[in-house]
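Peer 1: Below you will find the structure I want to go over with you.
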């Protein structure tokens, strides 16, 4: 489909290698994606041979931002230019769906905070705080269901606050470790001492442990059901999270009158108006 007047398939091994790399890196041929049935070529050779040798490979997560792709007109060359037009609108990220990071349950400080939260809520809503009785025998001035909801709300706030603080401290620690490594690299350029190597390896190990903790957080957010060990696994989950975020974006919307809109705020407003119909 991408060749004309070829007697046999040209460079099948090279083509197979390209497909292998495309699959491994999650790449797609955007022109073919947008023109699945078109026969157009970017190179012209002797004996009227033609082939589509020139193309853009992009990752699938930016496909939504490609407005158009085209093969231009050649000028003083046997190759035609290939063109791609991208539009990156400023997308305002919403709060999204909160998911509890169960790794917090291994943090003694967080567990103590949650216990304190539960005690605070119980004391706030019990009917007679002066009575010294077991929790299961206490009476409350709200229903048990509402009490449970209030406890969950309190714990959720603590989890968000605790995670935010951990992330801030983790980022700060990572910058410090990277800075120390850069200083040690400069020392190694000046003097190749074994002690400096050992110190660098120790800091690098500390950095690895810190980043592995971040990967576990990515796994939680990606809702992954399994974990692949090693560096390839980390890349997998990072790409999965990136893909999930891209799937939430609506880059353009076609209205009932066939009008196409791309402005993010206009798209959000149209979505809001559409779903309002089901409320009233």
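Numbering (the working numbering), first residue to last: 1 to 280. Ideal Cβ placement from N, Cα and C applies to all residues, glycine included.
May I have the straight-line CA-CA distance separating residue 14 from residue 36, to the nearest angstrom?
Peer 2: Going by the C-alpha atoms only, they are around 22 Å apart.
Peer 1: Which value, in whole angstroms, describes the spacing of the CA atoms of residue 230 and residue 143?
Peer 2: Confidence at residue 230 is low in this model, with a pLDDT of 48, below 50, so its placement is unreliable and the value that follows should be read with caution. Residue 230 and residue 143: Cα-Cα distance of roughly 49 Å.
Peer 1: Flag this pair as yes or no: are the beta carbons of residue 267 and residue 255 separated by less than 8 Å?
Peer 2: No, these two residues do not count as a Cβ contact at 8 Å.
Peer 1: Got a sec? Which residues, its chain only, sit under 6 Å from residue 86 by beta carbon, not counting five neighbours each side?
Peer 2: So the list reads 65, 66, once near-sequence residues are dropped.
Peer 1: Quick check on DSSP: helix, strand or coil for residue 193?
Peer 2: Here residue 193 sits in coil by DSSP.
Peer 1: Distance, Cα to Cα, residue 157 vs residue 263?
Peer 2: Rounded to whole angstroms, residue 157 to residue 263 spans 33 Å at the Cα level.
Peer 1: Between the Cα of residue 71 and the Cα atoms of 58, 49, 39, 99, which residue gives the shortest distance?
Peer 2: The candidate whose alpha carbon is nearest that of residue 71 is 39.
Peer 1: Is residue 50 helix, strand or coil when you go by DSSP?
Peer 2: Here residue 50 sits in strand by DSSP.
Peer 1: Quick one: residues in its chain with C-beta nearer than 6 Å to the C-beta of residue 5, no 5 flanking neighbours on either side, listed in chain order?
Peer 2: Once the five neighbours on either side are set aside, the close Cβ partners of residue 5 are 48, 49.
Peer 1: Based on the DSSP output, what are the partners of residue 79 in its beta bridges?
Peer 2: Beta-bridge pairing links residue 79 to 43.
Peer 1: Among 199, 42, 106, which has the Cα closest to the Cα of residue 159?
Peer 2: Closest option to residue 159, Cα to Cα, is 106.
Peer 1: Identify the continuous alpha helix (DSSP H) that holds residue 25 and give its terminal residues.
Peer 2: 12-25 is the span of the alpha helix (DSSP H), which, as asked, contains residue 25.
Peer 1: Using C-beta distances below 6 Å, list every residue in its chain close to residue 3, excluding the 5 sequence neighbours before and after it, in chain order.
Peer 2: Same-chain partners within the cutoff: 51.
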